[in-house]
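So the sequence shown is numbered by the UniProt record's numbering: it starts at 1 and just counts up by one. The C-beta atom is built at its ideal place from N, Cα and C for all residues, glycine as well. Each remark here refers to the structure printed beneath this line.
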Amino acid sequence: MIRNHSYQAHHGSPFANPNEQLGRHFLSKNNLSLQNLSSLGRLVDDRTGYHEDKRVSDEELNRIGKQKNGKELREYYEKLNEILDGWREVDEILDMERNQSTSTDRERQSKAAQLGGVSERDRMRLLQHVPGRQEREGEREKGVQFAININLAVNVLLLAGKAIAVVSSNSVSLIASLVDSALDLLSTVIIFGTSKAISYRSFHTYFKYPVGKKRFEPLGVVIFAVLMIASFCQVLVESIERLFAVMRTGTEAPGESAELPLIGIAFMVLTIIIKAFMWFIYRKSHSSGVRAVAQDAENDVVFNIASLIFPVVGSKLGWPALDPIGGVCLSIYIIAEWLETLTETVTKLSGAVGSSHDISRALYLILRFRSVNSVSALEVYHAGDDMIVEADVVLPHTMALKEAHDAGEVITYGMELLSGIERSYIHLDYNARGQAGHVAQRG
């Protein structure tokens, strides 16, 4: 969040040389200083790609990383490249028609830039791209549904196979793997239900959920994470009890052999192959539901590899305690993984601030408009997977209402075309020293 700072719309200031001033730049080692976001704005120019010469190539990054004490310098340049990636996205949105313009169009754009930043024709061109966001959302929903359907079918088959394997083995690691598969199926059903609820639209849901039901997806992830943590706490308790029993007697109780049958090994190997493929395909999805499926697939790979190793090695070495030790280790691993996911998801649902990368991207978009004198307040915060942007933009006090409206409208829609931005609220002001933000600020 940025408040009570006036970020002027200057142009052309170059980046400082990181080799000479590392540690004193607007980019700190771990984060982007809010105080220096105005320095980012000074780089903004009305020419697309003006700042691209500041980008550092992968080859140069590798060379820097090999230098003595070059790790921090490489991290700095990598953060710089991330910011430039966000600015490139802004350029592509605001200048989508620029390359197709005629000389007459450029003259018109130049005159319009002195007024509201855009001409009426360019304003309408940009607004025509707003439905494209809806098309992307529709494609995203189809991709999410496809991933969930595939995961549902896979989990049903794997659960059936592991259930058959468990009947002929008392391995606690294999039992834990069966529990994991059962929870996989339950989680997929939960995410499947939330996905269907999101996609279902009617006259009643339009008024009941005026901004949509996209938050259903992270809510489903929260429910799933809680179930996973609770279930593996029980598996952890059972594993500890089995371990203490082995330590007391020096051997497992009768009928509790950790030998794995061939069918059990076959299904666990199949699980590893399928889940590894699913993790590779879905790991970079923007959907929290699909990311949860990918994380669960990754956990399954680790879980099943360990579930194969611990009982087999323990049996071959004649060390029965190794199997319950494996169950303890696997349970702790799964609990820790899902605690991290739960914390991250709840934090985003609670309205956590966006990353420094998201803040700089939003600020850059606003300062691309010549009519903008400064930004007196800027808030970028999560509302689930996506973010909301609120900004107080200061325009010249002599600016006509129509021109101010057009500039504010294009800033709003341009902001909402950025990836990860659900809504934007742009407040126009003529006084940089006026009340910024809302009457009641929460924090």
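(request) State yes or no: is the C-beta of residue 73 within less than 7 Å of the C-beta of residue 64? (result) Inclusion of residue 73 and residue 64 in the CB contact set at 7 Å is warranted, their separation being smaller than that value.
(message) I'd like to know whether the C-beta atoms of residue 159 and residue 187 end up nearer to each other than 7 Å.
(response) no
(request) Identify whether residue 399 lies in helix, strand or coil by the three-state DSSP scheme. (result) In the structure shown, residue 399 adopts coil according to DSSP, grouped into three states.
(message) Could you compute how far the alpha carbon of residue 379 sits from the alpha carbon of residue 248?
(response) 60 Å
(request) State buried or exposed for residue 395, treating a residue as buried only when at least 16 other CB atoms are found within 10 Å of its CB. (result) Buried, by the Cβ-count rule.
(request) Apply the 10 Å Cβ neighbour rule to residue 326 and answer buried if 16 or more other Cβ atoms are within range, or exposed otherwise. (result) buried
(request) Count the other CB atoms, across all protein chains shown, that sit within 10 Å of the CB of residue 314; report buried if there are 16 or more and exposed otherwise. (result) buried
(request) Consult DSSP for residue 231 and reduce its assignment to one of helix, strand or coil. (result) helix
(request) Drop a sphere of 10 angstroms on the beta-carbon of residue 398, count the other beta-carbons inside from all chains shown, and report buried for 16 or more, exposed for fewer. (result) exposed
(request) Return the CA-CA distance between residue 388 and residue 212, expressed in angstroms with no decimal places. (result) 14 Å
(message) By DSSP's criteria, residue 423 is part of a beta bridge. Which residues make up the other side?
(response) 388
(request) Tell me, please, which residues DSSP counts as bridged to residue 394. (result) 374 and 429
(request) Starting from the C-beta of residue 236, find all residues in its chain whose C-beta is less than 8 Å away, skip the five residues before and the five after it, and write them out in chain order. (result) Within the same chain, residue 236 has close Cβ partners 327, 328, 331, 332 and 335.
(request) Could you tell me the distance, in whole angstroms, from the CA atom of residue 359 to the CA atom of residue 345? (result) 20 Å
(request) Compute the distance between the beta-carbons of residue 321 and residue 246, then report whether it is under 7 Å. (result) yes
(message) Is it buried or exposed, residue 369, if we count other Cβ atoms within 10 angstroms and call 16 or more buried?
(response) buried
(message) Suppose contacts are defined by Cβ-Cβ distances below 7 Å. Is residue 228 in contact with residue 338 by that definition?
(response) yes
(request) Could you say which of 66, 422, 377 and 224 lies nearest to residue 291 if we only look at CA atoms? (result) 224
(message) So for residue 293, helix, strand or coil by DSSP?
(response) helix
(message) What residue range does the alpha helix (DSSP H) around residue 203 cover?
(response) 203-208
(message) Rounded to whole angstroms, what is the Cα-Cα separation between residue 433 and residue 375?
(response) So the two alpha carbons sit approximately 11 Å from each other.
(request) Rank 295, 86 and 60 by C-alpha distance to the C-alpha of residue 355 and give the top, closest one. (result) Nearest C-alpha to residue 355: 86.
(request) Measure from the alpha carbon of residue 147 to the alpha carbon of each residue in 240, 219 and 275, then state which is nearest. (result) 275
(message) On the CB-based measure, 16 or more other CB atoms within 10 Å of its CB, does residue 201 come out buried or exposed?
(response) Exposed is the call here.
(request) Please name the residue, chosen from 429, 164, 189 and 351, that lies closest to residue 153 on a Cα-to-Cα basis. (result) 189
(request) Go to residue 358, then tell me how far its alpha helix (DSSP H) extends in each direction, as first and last residue. (result) 356-367
(request) Below 8 Å on the Cβ atoms is my guess for residue 165 versus residue 263; work out the distance and round it to an integer in Å. (result) Yes, they are in contact, since the Cβ atoms of residue 165 and residue 263 sit about 5 Å apart, within 8 Å.
(message) If you reduce the DSSP assignment to three classes, tell me which class residue 211 lands in.
(response) Coil.
(request) Indicate whether residue 386 and residue 429 have their beta-carbon atoms separated by less than 7 Å. (result) Residue 429 sits away from residue 386, with the two beta carbons spaced by 7 Å or more.
(message) Alpha carbons only, please: which of 192, 67 and 244 is nearest the one belonging to residue 287?
(response) 192
(message) Quick check: what's the CA-CA separation for residue 209 versus residue 68?
(response) 56 Å
(request) Would you mind sorting residue 417 into buried or exposed? The rule is 16 or more other CB atoms within 10 Å of its CB. (result) Taking every protein chain shown into account, the CB of residue 417 has 16 or more other CB atoms within 10 angstroms, so this residue is buried.
(message) Let me check understanding here. Comparing Cα to Cα, which of 310, 215, 183 and 88 lies closest to residue 239?
(response) The residue from 310, 215, 183 and 88 with its alpha-carbon nearest to that of residue 239 is 310.
(message) Strictly by DSSP, which residues pair up with residue 382?
(response) Paired residues: 387.
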